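K.L.:
Sharing a structure with you now.
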Amino acid sequence: MFTGIIEKNKNMHKIKLTFILLCIWSFQGLAQNIDNYLYSTVTYGLQREVTTAIPAGTRAYKGRVSIAMAKKGAQANAVIVKADKDANNQKGLLLQKELEKAWKVKVPLVDWDEARSGDKNIILFGAAKYNMPLRELDANNLLGNNDRGYEVRTVPNALSWGKDVLYINGNTDADFDEAIKILVKKSSKPDKIPYFIACKGWENEDATKDHKVFIEELLEHYAKDDSRRNNIALETFLAKPVQKYKMTGDDAYVKTFAEMMNMILERYDKYDGPNKTPPTFEFHIFPTYMYTVENSKAFSDTDRLKAIEFMRRIAEESMNFWEMVAPMKFYDEGTKGYITNHSCFASRTVAASARYLLTRYDYQPARYWKEVADNGFDGVAPHPYSPEDAAGYQYLVYRIFIDYAIVSGRYKLDFFKSPLFQGYLRFAKAQYNHLGYLAGYGDANALGHYSSHPFLKQAIDLFDDEEAKYILKLINRNNAGKGIETPIDMASPGADTHGLSYFTLDEFKQTQYKIKGLFNRPLLDKAIFRSGWDDKADFLTVTGINGDGRNHGHFDANGLAQYMVGDRVWLWEGDYIRKFPEDHNSMVVNRDGKHFDFSRNFKVRNKAAASQVRASLESSNKQQSLLSLQLEQYNGVNWTRNINYLARKGLWIIDEVDVLTPGSYGIEISWKSVGNMQVKDQAVQLTQKNLNDGIPYNFFIVEGSGATRFTKTFFESGVGRKDGNLMGYQKSFDLNSRQVVQRKQGAYKKGDKLYYVNFMHAVEGENPVAPRIHQLAGHVYAVQSGSEYHLAIIGKYVDKDVEIDADRCFMGPEGILASGARTVKIGDYIWTSETARDIVIDAKELLSGPYLTVLRTQFLKGVQLQPSNPVRVETAESKIATIKTLNSNISYLAKQGKEIAVGTGNGTFVLMDEKGNTLFEHQFAKEITAIAPIQTGKGTKWAIAVFPENLDDAKAMVYLVDENRKIAWSKPIAPWHRRFGTVTTMFPAKLDTQGDLALIVGSQGWHYYAFSPTTGELIWRCPITHGATVGAAGDMDGDGFDDIAIGAEYYYHQLANHKGQPSKAFSASPWNYSVVIKDLDGDGKKEAVFGRGDGWLYVNVPEGNSFKTWRANVGGRPIAIVDVEDGETKLATATEMGDVVYLDGAGKVLKYVKLPAQLTDLKIQGDKLFATCIDGFGYVLNTAGQVLGKYPYQQDVNSLYQPKIAADGGVASFFSGRNIYAIGL
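For reference, each letter of the sequence shown is one residue, going 8 to 1232 in the numbering used here.
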């Protein structure tokens, strides 16, 4: 969103663009005056009274059997509350008129503030959105929102109002008229109106049948092996009889509710989860059930007391849980501090329970709970822009707050009409694409987030917001599984939403990230480019936030979160715990074998924590935009990303890398896409399905600076997405991720400047022609894309027809965008300025025909640079033997002695000797995901893990092939917490003194298991937090039994003892990619060394091991760690930045070897290390860090499985695609 100030003279037309901070309002002012927006303020100074039970002798609360609204013909004991919008008050006036006829008394029509503060009972009419009391009743489960017709009901002692309520509504005018007749009939004695519920269309519900169904469903639910049985029972199953009672008034449903509640209470302790955590995410709903069923005579005193004891228990357990530590701290200090999502969930549960216990039982210990929760939310209220930055999480805190604000009734309507809230609505709307979902920004659902939709509903209810209505229609269409073939029956948002909009980091977020005051330029929060809202529009989003300022942050500043054209997604990212730059469309810098510090750190901040906005320009017709972002002091460089967006015609992405610190660098830029992939000269072409819908189904990523290019294919099974992060995407031939990696590597000195020059464009056609980039100078590039030519200049450039002096200048058919410009001469057009200016020159108005000719001429003068070859390692090159080729891509490889076990993507298992001769073969139903040898006195047993055959039950299988090469047993591995049972790691471990090694199995279903390899009997199961990745076994406490290193995806990391008992979790960066267990100090006790996604190694030990733990920066994702014994060298690790790093036992990096590309594995045999590299070579190194030789192999870039090595007996075997190779070490 921009305004233009236009200056004209004889030979120039200049537009100065002034950025409008759309979302900034005086947060400090609101924070200081939050009490002005509240009906009740926090009382400080209360002390917590820890309780153990509801006091004996407590009498059960019962709702009133009748309410009084007026004395007929005398006076009114009630008021009718007006709707917020005058247009809706016609119903109120009609109701007032009809009640005056029936009751012979006029009931006043007043606003909510007057009704709330008065002593009269209340009559409410209309839909839940009509006013604040209706919203509050609805949020507390007391309105039916009957879509079948009229709804009339009494609500005795409503919530905490101290008033009785009479409610009436109808979907249509006829329904409302019918509702009035029902009301008049039911209130023939207005001073004694009996409790009733009357909802049209609900007269024929079968309570007996529903009772049977609801009970059976609950029993079936508890019979499942699921992590959240209690939570789901409370939130989903218990809601069913409440909803039916709310609509029918049939006491039989309350009896069903009571029976189901008792079933849950009886099972609660058995199924309260592996960590015994209170159900803080869901329990806020339980008190709302009580508001409904408390009015039924069928709800016994015994059950009422059980219910409030349950509330008390959960509230106390929540107060004792870590989630309430921060809210209690802020309250006890008398401050309003910001709380994040877990604390908000817990505070919502505590507040809801406290409110019920106080209003119904005057239970005084609950006062402290309520004040703590209220104070916590008051600290959130002024800060809608959450520092938790993934797509779902950036909205989650404020979603919970808004829910609480409406449920509690504490916040006035003025709060929701404040500039703060309206600005946030603009922020929320801007981030939706034209299909009705948000970019992932690293979150788990990359292609389906719509987490801010509650704010859109608020915008509609409060402001009748047409843009919000349109976006909600998009969301609903998407949720219904429909696409662009289904038109939206209303006008789309206007042209002012097109082009570039960006939002800056407000002071609050800067403070949270501890970067306030570090910068002189604006800092980017989010930027959005769009050509429109139509079916063929394009959409691009960019983020400016780096790191762990708060939980769920990602290192993706300057990163492109999503680029789509029509309904085809071309750039994307996903999974909220894959948080590092290589997981995004971003850049990674390795300097002297070290990464930028991506480790989890909430204290140390730096100038690479956010993107600085260096320039933002846009043409008057919004057909092209320029956004220049800088990440400063990023591991020895300044990185500037220039995005020249060309609406519906592609985009330039030109990355400038200015070297600040001399060193040996490896710098990679990666792009993640989807579709079939092929390489064409400068271009990588991605192709999706041709649906003959006029939407481009080819996408070109073209790099013109000569960077070395690599391509990869992999499948991402994400958190909360059982069968992949791209689940549900139907435009591609598969759901695999395709990644293009562009690398530059070398010794650079201070002042050196590197460029990565990309042009991207989506095009139609069976045989599309890729754009071509020509270099005119190291900082000047031209592109031909179709029939158009574009020119990009960074800095000064002088040629016959062109003279440019600007920081950045982009030229094309739509005109010129130049930032920091002093001179722009092209053809016969001349513009000059004594001071640097930002200018926009629209071609159609200001530039003559020769301008386009000059663009073409400049392109033809340039040179087309092809991708450079990887850096060559000068060492002996030897041939390598291909010992076997299988009929499917190989997914797993293991070796024991002279036997090699191979698994494939189509389920083939082959046991062979070192020459490739088949010893045993078996065809399983699905992909083989893990293999483990178990050595016995009789030979080798082989455990094989197979991907779930049935995606509905999602059970993986583990099979055991015995020493006689027969399948001895099989065991299912169940799904858990919405994740498949897919096995990711298996290994043997000594768990007892019986002599047999047990089989340890780690599953994406949040578990590690131990099985007897002889019988398949389950020895133990160990729940973990999120899915298993890679594990290992070794005696770490000296008791003679193996402990388990539990590699997992999440921030919380654990070990387990031989009994499967987990250690206390220790928090660090997410995702273990590698692990080794070895004795680092020679005391006889081993230590676990994990390689995590932040590019560091971490040592963890159990109790009983006094080793001083450490962590070490190894310069890239550690994909393998090996046990080395060579003097002070104790470990070596291979990284995805291409380094083999050697360390001592104290974590000191002794040396590193930089290889030409990403490494995929590392194994050791004797004093020889073997590493596989995506440059098409396997490298042999010694323990001193010398490269002894290299072996070329055929890398299959379209295989899902990166080359992996199995080594034993002096022979290393590895695979790529369908081929298995072997070398002697």
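No residue lacks a Cβ here, since even glycine has one placed at the ideal position from N, Cα and C. Please read these numbers as outputs of a predicted model, since none were measured by experiment.
(1) Please report how far the alpha carbon of residue 1227 lies from the alpha carbon of residue 229, in whole angstroms.
(2) Got a sec? Which residues, its chain only, sit under 8 Å from residue 246 by beta carbon, not counting five neighbours each side?
(3) Can you look up residue 536 in the DSSP assignment and give me helix, strand or coil?
(4) Please return the same chain residues whose Cβ sits closer than 7 Å to the Cβ of residue 315, not counting the five positions on each side in sequence.
(5) Among 865, 241, 681, 463, which residue has its Cα nearest to the Cα of residue 431?
(6) Whose C-beta lies closer than 6 Å to the C-beta of residue 19 among residues of the same chain, with five residues either side of it excluded?
(7) Just the C-alpha distance for residue 1112 and residue 1093, rounded to the nearest angstrom, thanks.
(8) When the Cα atoms are used, what is the spatial distance from residue 1142 to residue 638?
(9) Could you compute how far the alpha carbon of residue 1194 sits from the alpha carbon of residue 1096?
(10) Straight-line CA distance for residue 469 to residue 746?
(11) In angstroms with no decimal places, state the Cα-to-Cα distance between residue 419 and residue 140.
(12) Pop quiz: residue 217 and residue 262 are said to be a contact at Cβ under 8 Å. What is the actual Cβ separation, rounded to whole angstroms?
(13) Output the boundary residues of the beta strand (DSSP E) element that contains residue 780.
(14) Mind checking whether residue 1035 and residue 1051 have CB atoms under 7 Å apart?
(15) Buried or exposed, going by whether 16 or more other CB atoms sit within 10 Å of the CB of residue 181?
(16) Enumerate in chain order the residues of its own chain whose CB-to-CB distance from residue 1224 is below 6 Å, with the five nearest sequence positions on each side excluded.
(17) Could you have a look at residue 298 and say whether DSSP puts it in helix, strand or coil?
(18) Roughly how many whole angstroms lie between the Cα atoms of residue 1214 and residue 899?
(19) Check this for me: beta carbons of residue 578 and residue 536, under 7 Å apart or not?
(20) Would you report the Cα separation of residue 618 and residue 565, rounded to the nearest angstrom?
(21) Looking only at its own chain, which residues have a Cβ that is under 6 Å from the Cβ of residue 545, when we skip the five neighbours before and after it?
(22) Compute the Euclidean distance between the alpha carbons of residue 504 and residue 457, then round it to the nearest angstrom.
(23) Give the range of the beta strand (DSSP E) segment to which residue 745 is assigned.
(24) Counting only runs of 3+ residues fully inside the stretch 498–553, write out the beta strand (DSSP E) ranges in chain order.
(25) Residues in its own chain within less than 6 Å of residue 303 by CB, not counting five upstream and five downstream?
(26) Per DSSP, residue 1067 forms a beta bridge with which residues?
(27) I need the straight-line Cα distance from residue 788 to residue 763, nearest angstrom please.
(28) Mind checking residue 707: buried by the 16 CB within 10 Å criterion, or exposed?
(29) Should residue 358 and residue 322 be called a contact, given that it needs their Cβ atoms to be closer than 7 Å?
(30) By Cβ distance below 7 Å, which residues in the same chain neighbour residue 803 in space, the five residues on each side in sequence not counted?
(31) When the Cα atoms are used, what is the spatial distance from residue 1222 to residue 829?
(32) Whose CA, out of 137, 86, 859, 124, lies closest to the CA of residue 5?
(33) Within 10 Å of its beta-carbon, does residue 757 have 16 or more other beta-carbons around it, so buried, or fewer, so exposed?
(34) Please look up how many angstroms separate the CB atoms of residue 442 and residue 541, rounded, as I've assumed it's under 8 Å.
(35) Hey, residue 749 and residue 676 are a contact pair by Cβ (cut 8 Å); roughly how many whole angstroms apart?
(36) Do three or more CB pairs link the stretch 815–832 to the stretch 867–877 at distances below 8 Å?
P.N.:
Here's the rundown:
(1) Taking the straight line from one Cα to the other gives about 47 Å.
(2) A distance below 8 Å between beta-carbons, with the five flanking residues on each side excluded, links residue 246 to the following residues of its chain, in chain order: 292, 296.
(3) Residue 536: strand per DSSP, three-state reduction.
(4) Excluding residues within five positions, the ones whose Cβ falls inside 7 Å are 61, 364, 368.
(5) Checking every option, the nearest Cα to that of residue 431 belongs to 463.
(6) Any answer about residue 19 is weak, because its pLDDT of 28 lies below 50 and its placement is not dependable; what the coordinates show is given next. Close CB contacts of residue 19 within its chain, under the 6 Å cut and outside five residues either way in sequence, are with 838 (chain order).
(7) So the two alpha carbons sit approximately 8 Å from each other.
(8) One C-alpha to the other measures close to 24 Å.
(9) Rounded to the nearest whole angstrom, the C-alpha separation of residue 1194 and residue 1096 is 25 Å.
(10) Taking the straight line joining both Cα atoms gives about 44 Å.
(11) The straight-line gap from Cα to Cα measures roughly 10 Å.
(12) Not confirmed; about 11 Å, so no contact.
(13) 779–784 is the span of the beta strand (DSSP E), which, as asked, contains residue 780.
(14) Not a contact, by the Cβ cut-off of 7 Å.
(15) That one is exposed.
(16) Here the set comprises 896, 1203, 1206.
(17) Three-state DSSP puts residue 298 in a helix.
(18) Between the C-alpha atoms of residue 1214 and residue 899 there is a straight-line separation of about 13 Å.
(19) Not closer than 7 Å, so no.
(20) For residue 618 and residue 565, the distance between alpha carbons rounds to 6 Å.
(21) Cβ within range, chain order: 538, 572, 655.
(22) For residue 504 and residue 457, the gap between their C-alpha atoms comes out near 19 Å.
(23) Per DSSP, the unbroken beta strand (DSSP E) holding residue 745 starts and ends at 744–755.
(24) Correct list: 506–511, 531–537, 545–550.
(25) Scanning its chain for C-beta atoms nearer than 6 Å, with the 5 sequence neighbours on each side dropped, one finds around residue 303 the residues 258, 261, in chain order.
(26) When beta bridges are read from the DSSP output, residue 1067 appears opposite no residue.
(27) Cα to Cα, residue 788 sits roughly 11 Å from residue 763.
(28) Of the other Cβ atoms in all chains shown, 16 or more fall within 10 Å of the Cβ of residue 707; this residue is therefore buried.
(29) The answer is no: Cβ separation not under 7 Å.
(30) Here the set comprises 811, 812.
(31) In a straight line, the C-alpha of residue 1222 is about 57 Å away from that of residue 829.
(32) What the structure shows of the chain is the stretch from 8 to 1232, and residue 5 is not part of that stretch, so it cannot be assessed.
(33) Its Cβ having fewer than 16 others within 10 Å, residue 757 is exposed.
(34) That belief does not hold up - the Cβ atoms of residue 442 and residue 541 are roughly 11 Å apart, past 8 Å.
(35) Between residue 749 and residue 676, the beta carbon gap of about 5 Å places them in contact (Cβ cut-off 8 Å).
(36) Touching, no, given that fewer than three Cβ pairs across the two stretches are closer than 8 Å.
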